Structure formats: C-alpha cells, structure tokens
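In our numbering, the protein residues as written are 6 to 580.
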C-alpha cells in the first residue's frame with residue numbers, strides 16, 4: 006500500500022486547523038476556538054457537533070463520533086486515509102513524496118497510458134472526427150473528457166502501448182480467443198471510447214460506443230475488476246466535482262453528460278448503462294445539495310425515474326433537494342438541447358417537480374377511486390418503510406396522509422416492520438381463537454340482516470377508505486357469480502389488505518375477557534373512524550389556514566363540529 010512518512014502527514018495536518026476543512030462542508034457557528042453545527046454523521050435538529058481548532062479535533066455529543074481533520078475529509082470525500090492526505094496536500098499546494106507498493110498503482114498508470122493512446126488515435130481518424138462533429142461535440146469537450154478511439158488489432162495495441170499481452174488481458178482490453186486460448190483479440194473494436202474516472206481523476210474503466218453500425222452492442226463497458234465496479238461509479242462525477250457546484254443532473258448517457266457540460270451545466274453525471282443504484286445515490290447524497298433526474302421521455306425513462314425515486318428514498322438525508330425533469334416523448338437531454346436550445350432545457354429544470362410533487366403527480370393524483378388509493382398505498386408502503394428516520398420521512402408521511410386522506414396514523418402503521426408486536430394489553434390468543442368467531446358472527450349477521458342497518462350505514466359513512474372493500478363484502482352473497490364479479494372488480498390483494506386492517510381494528514378493541522356483540526362492534530369501529538376523520542379534518546384545516554382558496558374553511562369547521570357531536574352520541578351508546 007502507499008506509505009507516507011509521519012513527518013509529511015504532520016506537515017499536511019498542521020498546515021491548516023480543522024476549522025479550515027470543516028467550513029468547506031458544513032455550516033458552523035464559531036465561538037472562539039470552538040465551533041458548533043449539525044452533525045454530518047446523523048440526522049438532528051439541534052446542533053450537537055463541535056470542533057476545537059486548537060486541538061484539531063471534532064466530537065458529536067449526539068452520536069459520539071470523533072476524529073481529526075483527516076477523518077473529516079475522509080468522510081466527506083469518500084476517501085481512504087492516504088487518499089485523504091494526498092487530497093489535502095494538493096488543496097494546500099504541498100508536494101508529498103511517497104513510496105508505493107500498491108499493485109493497483111501500476112494499473113492506474115497503464116489505464117492512463119491507454120487513454121492517452123486512444124485520444125491520440127482518435128485525433129488522426131476521420132471517421133471518429135466526423136462522428137464528433139455530427140454530434141456537435143467540441144474539441145474542448147473531447148479533451149476535457151479524454152475521448153478516444155479504440156485500437157482494433159491486439160498486436161498493434163501491444164506495440165503502441167508497450168504493455169504486455171498478459172497485462173492487457175488482466176486490464177480487460179484483450180480477451181482470449183475461444184478457439185485458440187493462446188490468441189487474443191481486442192474487447193473494444195471500432196468504438197468511441199469514454200474513459201471513466203474516479204474521484205481523484207484516475208482512470209478506472211472505459212465505456213465504448215460502436216461506430217461501425219454492426220450488430221454488436223451499441224455500448225460496451227469495461228469488465229468488472231478491482232478498479233471498476235459500474236454500480237459504484239458515475240460517469241462525469243470527476244468533472245462535476247471539479248466544477249465545485251452543488252447541483253447534479255443525472256442523465257442516462259455519456260453524450261448527455263457532455264452535452265450538458267458544454268452548455269454550462271457542469272454537474273452532469275450518468276450511471277454506467279444500468280438503472281441507478283443505491284451506492285450511486287449515496288454518492289450524490291454526499292456531494293450535492295440538489296439532484297435533478299433527467300431521464301428520457303419514453304417508458305424506459307419513466308421506469309428509470311421510478312427506480313431513482315425508490316433508491317433516493319432509501320438513503321435520502323435531510324436537506325437534499327431532489328427534482329424530476331420530464332422530457333418530451335422521443336427526447337433525451339442531448340437531443341432536446343440540440344433541438345430546442347439550452348434555455349428551453351433550463352425552463353424544464355425550473356419547472357421540475359420536487360420529490361414530493363413528483364410522487365403526487367405520478368401516483369397520488371392519478372387515483373380514480375378507493376381501489377386506486379389502496380393500490381398506491383400498498384406500492385408506497387415499502388418505499389417509505391426503507392427510509393432512514395429523519396425529518397424528511399416524517400414530512401413525507403404527513404404529505405401522503407394529507408393527499409390520500411388516509412390519516413398519518415394509518416400510514417405510519419403501514420411502514421412498520423412486517424411482523425409487529427401485538428398492541429399493549431392485547432392477548433395474542435385473540436387473533437387465533439376469538440377473531441375467526443367475530444368474523445363469522447359479523448358476516449353471518451350481515452347476510453341475515455342481523456346488523457342494525459343504521460349502524461351499518463354509519464360505519465359506511467365514516468370508515469377510512471382502506472376498509473371499503475371489506476364493507477362491500479358484508480353486503481355481498483358469499484357464493485355464486487356475484488361473488489366472482491366482486492372479486493374481479495376488487496382485486497383479491499386489495500380485499501386481503503382490507504381484511505388485515507379491518508381485523509387489526511377489531512383486535513385492538515377486543516379482549517378475551519370482554520366479549521363484544523356485533524352491533525357494539527360496529528359502534529366501536531364507527532367511533533374509531535369518526536376520530537380518524539376528525540383528525541384528518543383538523544389536519545386539513547391547519548393546512549388550509551394559509552390558503553383560503555382551496556376549501557371553504559367554515560364548512561370544514563361545521564363538519565368537524567357535527568362529527569364531534571356524533572362521536573359524543575356514539576360514545577354514550579357504546580358505554
């Protein structure tokens with residue numbers, strides 16, 4: 006591994022105190038030699054992170070993380086120790102001399118050598134030059150991104166690179182021939198080459214675009230190796246970080262990245278030909294404050310946006326702002342800018358919905374009725390469940406609850422682990438023994454007319470939307486074509502979900518020592534639903550106090566008061 010002497014490490018760490026580095030990444034309030042701010046290692050509302058510039062030390066009173074300036078740079082730049090020392094030295098203008106016995110260092114040198122060879126080869130090839138002109142890629146962009154042209158003959162690649170055949174095999178540029186393992190051929194042939202760089206600018210792999218119009222894959226990446234893992238890298242990230250901006254534009258292709266860069270949007274990055282991964286989102290989460298997903302306007306692009314939404318929710322930190330740019334059908338960022346200009350693209354960016362608005366437009370607002378709402382709730386449940394505990398998660402729960410009208414309490418229940426503990430005071434035996442009898446009595450009474458019709462209507466009037474299929478089943482014959490029609494209209498999964506929630510409501514308000522007849526069961530459930538609706542109305546009233554145009558606030562207050570009176574009557578009847 007790379008070895009750096011202690012004296013050189015001390016030279017770097019003593020050149021600037023920890024405050025110099027912390028200010029690059031955090032908002033801090035300085036009080037003498039100390040400073041305070043929100044901890045970068047965990048989510049919090051009140052600052053508990055402190056640094057001492059005299060001792061070059063940080064400590065969080067919340068999560069108890071501690072370290073020095075090198076540890077801080079390692080965290081924010083995603084570097085290992087010796088990489089952080091080199092990074093800090095470069096920023097300070099300090100030259101570090103190191104002994105290097107890391108076998109990967111030689112591979113970095115060879116990758117850089119091959120990239121330069123490809124770049125030189127392209128500059129002499131008319132086909133490659135004409136292709137770049139046709140795509141309106143400038144010479145400055147070609148140099149910035151080290152674009153090149155592959156060398157198609159193994160012997161020529163060996164000769165011009167002065168790298169041995171076996172080393173080129175190990176690096177993934179040569180492959181053994183299937184018929185004769187002693188012979189090799191080039192992995193990249195007739196391809197425009199896009200070098201992929203890590204955060205330090207070292208070349209770790211390549212993407213190649215076919216220029217021969219053959220039946221081969223249009224794009225081909227380097228094989229997975231110790232240097233290159235396509236799930237953990239983003240094309241263009243090095244250039245994006247060099248621009249010092251805090252806004253990223255996630256696109257699908259190499260040319261899209263270069264097109265945005267040419268037009269001043271220097272934060273453009275792209276996954277390596279696959280759906281964006283959690284690791285790639287984590288990188289964006291760390292280095293940028295705003296992320297715009299700008300995928301193609303076709304169905305594949307829509308699917309990519311959904312996957313990006315899911316992966317973002319899994320790792321999203323408080324303070325990260327995420328937007329979704331919708332491109333017209335048939336366009337990617339490259340074609341859209343070439344056709345309409347960068348100003349039109351900037352307009353799309355300005356109008357892009359944020360994550361909450363996109364979730365509303367894409368899923369919630371499209372609901373046409375109870376079944377749709379239930380389907381969306383089931384779809385969103387695992388996404389929210391995977392989110393880290395944060396203010397963003399709480400805000401999303403409240404947002405979805407308000408938009409669906411399901412109530413935040415219900416939504417929070419849906420994002421709990423799949424096997425929650427029984428509620429306090431509830432005998433688990435109830436679910437196995439008493440609940441089936443309750444269902445039998447309830448269904449039998451409903452079919453025979455034994456349930457008080459007024460109670461049943463009250464229940465229907467006030468129950469949450471997720472219980473509607475279950476209530477409809479109370480009125481349906483349990484055999485014959487009508488039941489078949491019911492199950493076709495209301496998906497079995499929706500019915501099962503409704504039964505699960507409906508059953509839990511019964512369990513929560515029943516015990517083995519307190520049997521409840523069918524009519525009183527309906528009363529108790531109605532009470533619960535009234536409480537839910539009142540809370541929902543209060544939430545709406547609080548929300549709309551700043552916007553009188555959306556709803557008639559007086560009407561809501563009147564309805565709330567009416568519900569309170571009804572709740573009081575039901576409570577009296579339930580005693």
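Virtual Cβ for every residue (Gly too), placed ideally from N, Cα, C. If you're wondering where the values come from, they're calculated on a predicted model, not measured in any experiment.
Leaving out five residues on either side along the sequence, give the residues of the same chain with a beta carbon under 6 Å from the beta carbon of residue i.
i, result
"residue 168", "115"
"residue 207", "113"
"residue 2", "In the structure as shown, the chain starts at 6 and stops at 580, and residue 2 therefore has no counterpart that could be examined."
"residue 304", "none"
"residue 34", "41"
"residue 286", "316, 317, 320"
"residue 70", "46"
"residue 203", "209"
"residue 295", "252, 326"
"residue 81", "30"
"residue 179", "159, 173, 189"
Going by alpha carbons, who is nearest to residue i out of the options?
i, options, result
"residue 386", "371, 405, 290", "405"
"residue 30", "319, 354, 291", "291"
"residue 191", "201, 161, 202, 220", "161"
"residue 172", "210, 111, 125", "111"
"residue 226", "403, 248, 247, 197", "197"
"residue 282", "320, 181, 214, 213", "320"
"residue 13", "94, 52, 37", "94"
"residue 403", "307, 361, 381", "361"
"residue 96", "240, 20, 289, 284", "20"
"residue 166", "121, 275, 141", "121"
"residue 250", "70, 174, 322, 289", "289"
"residue 350", "332, 258, 11", "332"
"residue 57", "37, 70, 124, 75", "37"
"residue 11", "70, 86, 152", "86"
"residue 155", "123, 179, 141", "123"
"residue 216", "274, 159, 83, 140", "140"
Look at the alpha carbon of residue i and the alpha carbon of residue j, and state the distance between them as a whole number of angstroms.
i, j, result
"residue 72", "residue 49", "19 Å"
"residue 603", "residue 252", "In the structure as shown, the chain starts at 6 and stops at 580, and residue 603 therefore has no counterpart that could be examined."
"residue 22", "residue 100", "19 Å"
"residue 293", "residue 325", "8 Å"
"residue 200", "residue 260", "13 Å"
"residue 347", "residue 65", "44 Å"
"residue 428", "residue 379", "For residue 428, the pLDDT reaches just 39, beneath the cut-off of 50, and the residue's location in the model is therefore unreliable, although a value from the coordinates is still provided. Cα to Cα, the separation comes out at about 24 Å."
"residue 185", "residue 194", "19 Å"
"residue 448", "residue 363", "In this predicted model, residue 448 has a pLDDT of only 46, less than 50, meaning its place in the structure is not dependable enough to derive any value."
"residue 5", "residue 271", "In this structure the chain extends from 6 to 580, so residue 5 is not present and cannot be described."
"residue 357", "residue 182", "50 Å"
"residue 334", "residue 340", "11 Å"
"residue 389", "residue 315", "9 Å"
"residue 353", "residue 307", "16 Å"
"residue 138", "residue 219", "21 Å"
"residue 25", "residue 302", "44 Å"
"residue 131", "residue 147", "15 Å"
"residue 150", "residue 395", "38 Å"
"residue 438", "residue 327", "In this prediction, residue 438 scores a pLDDT of 37, lower than 50, which makes its location untrustworthy; the coordinate-derived value is nonetheless stated afterwards. If you take the alpha carbons of residue 438 and residue 327, they lie about 49 Å apart."
"residue 213", "residue 145", "19 Å"
"residue 17", "residue 246", "22 Å"
"residue 237", "residue 284", "6 Å"
"residue 176", "residue 407", "54 Å"
"residue 279", "residue 187", "33 Å"
"residue 102", "residue 118", "22 Å"
"residue 223", "residue 60", "56 Å"
"residue 323", "residue 391", "15 Å"
"residue 534", "residue 75", "Legend: pLDDT at residue 534 = 49, less than 50; position of this residue unreliable, no value from coordinates given."
Beta-carbon within less than 7 Å of residue i's beta-carbon, same chain only, minus the 5 sequence neighbours each way: which residues are those?
i, result
"residue 43", "49, 52, 54"
"residue 67", "44, 47, 49, 53"
"residue 143", "267"
"residue 77", "23, 26, 27, 63"
Could you pull out every residue in the same chain whose Cβ sits closer than 8 Å to the Cβ of residue i, ignoring the five residues on either side in sequence?
i, result
"residue 128", "134"
"residue 368", "381, 384, 385"
Contact criterion: CB-CB distance below 7 Å. Does residue i meet it with respect to chain B?
i, result
"residue 282", "Structure shown: chain B not included; a single protein chain is present."
At least three beta-carbon pairs within less than 8 Å, the region 251–270 to the region 229–236: no
Those runs of the alpha helix (DSSP H) which lie wholly inside the region 37–83 and span at least 4 residues: 74–82
Inter-stretch contact at 8 Å, needing at least 3 Cβ pairs: the region 302–320 / the region 342–356: no
Completely contained beta strand (DSSP E) runs for the region 302–354, where each covers 3 or more residues: 326–329
Every unbroken beta strand (DSSP E) within the region 200–270, with a cutoff of 3 residues, ordered by chain: 208–215, 224–226, 252–255
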